[in-house]
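The next block holds one structure in the form of structure tokens; read it before the comments.
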Amino acid sequence: MTLIYLIVALGLSAGLFLNRNRRAAYLITTLFLLVQWAFTLYVGFHLRTADSLYFTYDALGFLLLVTLSVVALPAALHSALYIERHQETSASRGIYLGSLVVLITAIGAGYLANHIAVVWIFTEITTLSASALIYHHRNKLALEGTWKYVFICALSISFVFIGILFLSLSLHYAGSTDLSWANLQANSASLDPFWLKLAWLFIFTGFTAKLGLVPMFTAGIDAKDTAPGPAGALLASVLMNLGFVGVFRFYTVVAHTSLHHWVGVVTGAAAFLSVFVAAAYMIRVRNVKRMFAYSGVEHMGLVMLGVVAGGVGYYAAILHIILHAFVKSSLFFQYNQLYRVYQSKSISYMGGYFRIAPAGALVLLLGFLSAAAIPPSGMFVSEWLIFRSLLEARLILPLVGVALLLTMILWAFGRNIFRILFLPPAMAEMPPASPAPAWESASQFILLALAVYLGFFPPDGFVDLIRESVSLLP
Amino acid sequence: MADVLLITFLITLFYMAIANRLMTYVKVLAFQGVLLFFVVFIQLSEINLLNLVLILLETIIFKSVAVPVFLAYLLRRNQITREAEPFLPNFISLLIVTAIVVVTFLLSNYIHDTHLDKLFFVVALSTLFTGLYLIATRRKIITHVMGYMVVENGVFVLSLAVGNEMPMLVNLGIMLDIFASVLILGIFLNKIGDVFRDVDVDQLSNLKDI
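Line by line, the protein sequences are chains A and B.
Counting from 446, one number per residue, gives the positions in the first sequence under the working numbering.
Counting from 938, one number per residue, gives the positions in the second sequence under the working numbering.
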């Protein structure tokens, strides 16, 4: 079924690339969303089965696939609004929507892949499609962002590939050549530790470009800054989850070996540094989009800290990336309306947004409260669980450090958001009120409400699925 | 025989560290492609014929002809000045590349592996880190591309070390090689060269937080 889905999606995207008719373009995109949801439901009804040789419909893959399909709907809607507003040529519209379809498909397939090389291939494809989206504006800044993104991502997929080679050497000791996750898991006791160490270093470093952690996070920041808002929403939420899937599934294998502690230290250090870097940049950043992107770095750092701490941290990490995807994408969707009012990305030119567009301002406020994990945000629950797991793992020093850094981030993030909402613009006149219609914020409210609902009143099925996705961990 | 070729490969890295002109880099890349061609020919003896031919074609046509010719074309087309303009003096570059090779040699002492020829490991990792070093210390964007090609060659050498058992990984490596090179070179050809006339990395600093 996955193969059929991939072929259909590829056909639809090819249609979008070639098509020059406006109506047909939106029709094909709608068709793709239907296919995407049909596939998601199919996966839901066939959970725990293998499919098309290289795909397994497991709990983690399904959860993230649903997240992707949910975010894909407003992403398509806002993309259409964006295209209409900017009077795109038919060619650039085709490239944009076609790349969007390829990106969503590749991310979904990457979630479900049961073989490390297949995850790697789909990660490559996301680089290709994302770069087309980042280059959408075709100006100098977009070019710079695209070049940096492509270059860093090309380097990091080479890194992942080197890691896979080391992993295959490590697997020699088990007398096997099958690099599927299940086989790695089954042979985890006989993997050679030396090669496995090298494999972890390279694979983890490689995936941080997508996951948004130290050391490769920079490319992602530039990409989210230069890509159009709706595409940036995908890059900042579901694409980061693809990086998480790569790291997390490998971590599940490594956690059963003698290297568990060492890997925990390395990953924990990278995660802590990510939160630190995010705090340092958040304090001085003036560009709203980059501020959102750095907030993503902080959250992924927290997620990996949860994974490293173990125990309830595993559960919290999965919950956190799902909620983060909803919250962060809604902030990016809202960004375009903000830009429409102020015609600038810089906070210095923004202010008094509450008076101009109350609905949009409410999205920003609630989005900020959610991202900062202040109750009633759903992320409060997951972040609290992450802290509890750190406490239970006796990681007091990192816990105190992260708490301090989070306070700084909260202050910087809050200061900027409240300035946009309530104070008059610092470096410009108050712009004439020409906000986007309030209904364009509706999808953001739904996403934010979903995050609250899943955080505080998670349905039983949802909890079971998360439990199941972390059940392989010790 | 493969050992001689691999050691020659290692020597080309030292040469790259002190090369001044961009055309020298291009020629060294082409030479590395030829070396890899022979290494593949000797090393991958247990692989099936069709696959072997594919890999050989990739090394000789793609690595040693297509990419260098294309790079030379880019140099001419964008009228890039012929100096590599490193940030550090050549002598220090040479020292650092030597240090990289020595460290990977020392690291290889930890390997107690009968499956793997240590020399492959040393050459692959040295090439990888030399490539990264070239990327980090050269001013022009085109030298970043060349550094990336060096990294790719390192990856290729490593994939050869496990090539007999897992030919699929070599093929994946080739796929990566072609995919990434085409993507990077394509962007460079189409856009970077035209928009950023003097192709320095200093110009790629407009994306800022403030």
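Ideal Cβ placement from N, Cα and C applies to all residues, glycine included.
Fill in: Residue-level contact to chain B via CB, L776/A, 9 Å cutoff
Here residue 776/A is taken as the residue at index 331 of the first sequence, counted from 1. For L776/A, the answer is no, since every Cβ of chain B falls outside 9 Å of its Cβ.
Item to complete: Identify every residue that forms a DSSP beta bridge with H560/A.
Response: Counting from one through the first sequence, the residue named residue 560/A turns up at place 115. Answer by DSSP bridge pairing, in chain order: S625/A.
Worksheet item: With 16 other CB atoms within 10 Å as the buried threshold, where does H1049/B fall?
Response: Along the second sequence, read from residue 1 onward, the residue named residue 1049/B stands at position 112. The residue is exposed, with fewer than 16 neighbouring Cβ atoms inside 10 Å.
Worksheet item: Just how far apart, CA to CA, sit W645/A and D1146/B?
Response: Mapped onto the first sequence, residue 645/A falls at position 200. Mapped onto the second sequence, residue 1146/B falls at position 209. Approximately 32 Å between the Cα atoms of the pair.
Fill in: For E1020/B, the three-state DSSP class (helix, strand or coil)
To locate residue 1020/B, count along the second sequence from 1; it is residue 83. The answer is strand: DSSP assigns E1020/B an E or B state.
Discussion item. Give me, in chain order, the residues of the same chain whose beta-carbon lies closer than 6 Å to that of A723/A; leave out the 5 immediate sequence neighbours on both sides.
Written reply: Reading the first sequence from its first residue, position 278 is the one you call residue 723/A. Result list for A723/A: Y739, V742 and E743, in chain order.
Worksheet item: So, are the CB atoms of D496/A and E913/A less than 9 Å apart?
Response: To locate residue 496/A, count along the first sequence from 1; it is residue 51. To locate residue 913/A, count along the first sequence from 1; it is residue 468. Not closer than 9 Å, so no.
Worksheet entry | Cut-off 7 Å between Cβ atoms - residues of its own chain near V444/A, not counting five sequence neighbours on either side | Nothing about residue 444/A can be read from this structure; chain A reaches only from 446 to 919.
Fill in: Residues that DSSP places opposite T494/A in a beta bridge
Taking the first residue of the first sequence as 1, we reach residue 494/A at position 49. Bridge partners of T494/A: none, in fact.
Worksheet item: Between which two residues does the alpha helix (DSSP H) harbouring F1125/B extend?
Response: Stepping through the second sequence from its first residue, residue 1125/B is reached at position 188. Counting along the chain, F1125/B falls outside any alpha helix (DSSP H), and DSSP gives it neither H nor E.
Practice prompt. Check the Cβ of A562/A against every Cβ in chain B and list those closer than 9 Å, keeping chain order.
Written response: The residue you call residue 562/A lines up with position 117 of the first sequence. Under the 9 Å cutoff, chain B gives M1105, L1106 and L1109.
Discussion item. Within 9 Å of any Cβ in chain B, is that where the Cβ of A672/A sits?
Written reply: Counting from one through the first sequence, the residue named residue 672/A turns up at place 227. No - not a single Cβ of chain B is within 9 Å of the one on A672/A.
Worksheet item: So who's on the other strand from R958/B, going by DSSP bridges?
Response: Numbered from 1 along the second sequence, position 21 holds the residue referred to as residue 958/B. Beta-bridge pairing links R958/B to E1020/B.
Practice prompt. Can you grab the Cα-Cα spacing for the pair N1027/B / V1088/B, in whole Å?
Written response: Here residue 1027/B refers to the residue found at position 90 of the second sequence. Here residue 1088/B refers to the residue found at position 151 of the second sequence. If you take the alpha carbons of N1027/B and V1088/B, they lie about 20 Å apart.
Worksheet item: Within 9 Å (strictly less), CB to CB, does D1146/B reach chain A?
Response: Looking up residue 1146/B in the second sequence gives position 209. Output row for D1146/B: interface = yes.
Worksheet item: For R731/A, which residues from the same chain have a beta carbon less than 7 Å from its beta carbon, with the 5 sequence-adjacent residues on both sides left out?
Response: Taking the first residue of the first sequence as 1, we reach residue 731/A at position 286. S791, I792 and S793, listed in sequence order.
Worksheet entry | Sheet register partners of T501/A (DSSP bridge) | The residue you call residue 501/A lines up with position 56 of the first sequence. Per DSSP, A495/A.
Worksheet item: In its own chain, which residues sit with a C-beta less than 8 Å from the C-beta of Y787/A, not counting the 5 before and 5 after it?
Response: In the first sequence, residue 787/A corresponds to position 342, counting from 1. Cβ neighbours of Y787/A beyond the five flanking positions: Y794, M795, P870, A873 and P876.
Fill in: Supposed close pair M1083/B, Y952/B - CB separation, criterion 8 Å
Along the second sequence, read from residue 1 onward, the residue named residue 1083/B stands at position 146. Along the second sequence, read from residue 1 onward, the residue named residue 952/B stands at position 15. The pair is not a contact, with the Cβ atoms about 13 Å apart (cut-off 8 Å).
Item to complete: Output yes or no for whether 9 Å exceeds the beta carbon distance between S537/A and R583/A.
Response: Locating residue 537/A in the first sequence gives position 92, counting from the first residue. Locating residue 583/A in the first sequence gives position 138, counting from the first residue. Yes; because the gap between Cβ atoms is below 9 Å, this pair is in contact.
Fill in: Coarse secondary structure for N584/A, derived from DSSP in three states
Here residue 584/A is taken as the residue at index 139 of the first sequence, counted from 1. Coil at N584/A, not helix or strand.
Item to complete: Look at the alpha carbon of L610/A and the alpha carbon of M1112/B, and state the distance between them as a whole number of angstroms.
Response: Position 165 of the first sequence, counted from the first residue, corresponds to residue 610/A. Position 175 of the second sequence, counted from the first residue, corresponds to residue 1112/B. CA-CA distance, L610/A to M1112/B, rounds to 14 Å.
Practice prompt. Indicate whether G555/A and V564/A have their beta-carbon atoms separated by less than 9 Å.
Written response: Along the first sequence, one-based indexing puts residue 555/A at 110. Along the first sequence, one-based indexing puts residue 564/A at 119. Yes; because the gap between Cβ atoms is below 9 Å, this pair is in contact.
Worksheet entry | Pick from K585/A, Q630/A and L600/A that is closest to I561/A, judged by C-alpha positions | Numbered from its first residue, the first sequence carries residue 561/A at position 116. Nearest C-alpha to I561/A: Q630/A.
Item to complete: Could you name the residues of chain A that S1096/B contacts, counting a contact when the two beta carbons are closer than 7 Å?
Response: As a position in the second sequence, residue 1096/B is number 159, starting the count at 1. Going along chain A in sequence order, the residues near S1096/B (Cβ under 7 Å) are L610.
Worksheet item: If L680/A and A575/A are in contact, beta carbons under 8 Å, what's the gap, nearest whole angstrom?
Response: Counting from 1 along the first sequence, the entry for residue 680/A is found at position 235. Counting from 1 along the first sequence, the entry for residue 575/A is found at position 130. Between A575/A and L680/A the Cβ distance is about 6 Å, and since that is below 8 Å, they are a contact.
Fill in: Three-state class that DSSP yields for S1118/B in the structure shown
For the purposes of this step, residue 1118/B is identified with residue 181 of the second sequence, where counting begins at 1. Helix, per DSSP.
Worksheet entry | Given L476/A as reference, the closest of G797/A, L807/A and L518/A once Cα atoms are compared | For the purposes of this step, residue 476/A is taken as residue 31 along the first sequence, with counting starting at 1. When only C-alpha atoms are compared, the closest one is L518/A.
Discussion item. Tell me the residue span of the alpha helix (DSSP H) that contains F693/A.
Written reply: Translated into the one-based positions of the first sequence, residue 693/A becomes position 248. V683 to V699 is the extent of the alpha helix (DSSP H) around F693/A.
Discussion item. Excluding the 5 residues flanking G970/B on each side, which residues of the same chain have their C-beta closer than 6 Å to its C-beta?
Written reply: Translated into positions along the second sequence, residue 970/B becomes position 33. Result list for G970/B: T996, K1000 and S1001, in chain order.
Discussion item. Can you tell me where the alpha helix (DSSP H) holding H769/A begins and where it ends?
Written reply: Within the first sequence, residue 769/A is the residue found at index 324, counting from 1. Element bounds for H769/A: V757 to Y787.
Fill in: I997/B: contacting residues in chain A (beta-carbon distance under 8 Å)
As a first step, residue 997/B must be located in the second sequence, where it is residue number 60. Going along chain A, no residue has its Cβ under 8 Å from I997/B, so there is no contact; the nearest lies around 21 Å.
Worksheet item: Using a Cβ-Cβ distance under 9 Å, would E828/A count as near chain B?
Response: Position 383 of the first sequence, counting from 1, holds the residue named residue 828/A. So, not an interface residue.
Worksheet item: Nearest chain A C-beta to M1112/B closer than 9 Å, yes or no?
Response: Numbered from its first residue, the second sequence carries residue 1112/B at position 175. With 9 Å as the cut-off, M1112/B counts as an interface residue toward chain A.
Discussion item. I'd like to confirm the pairing. Which residues does DSSP put opposite N732/A in its beta bridges?
Written reply: Mapped onto the first sequence, residue 732/A falls at position 287. Partner(s): S791/A.
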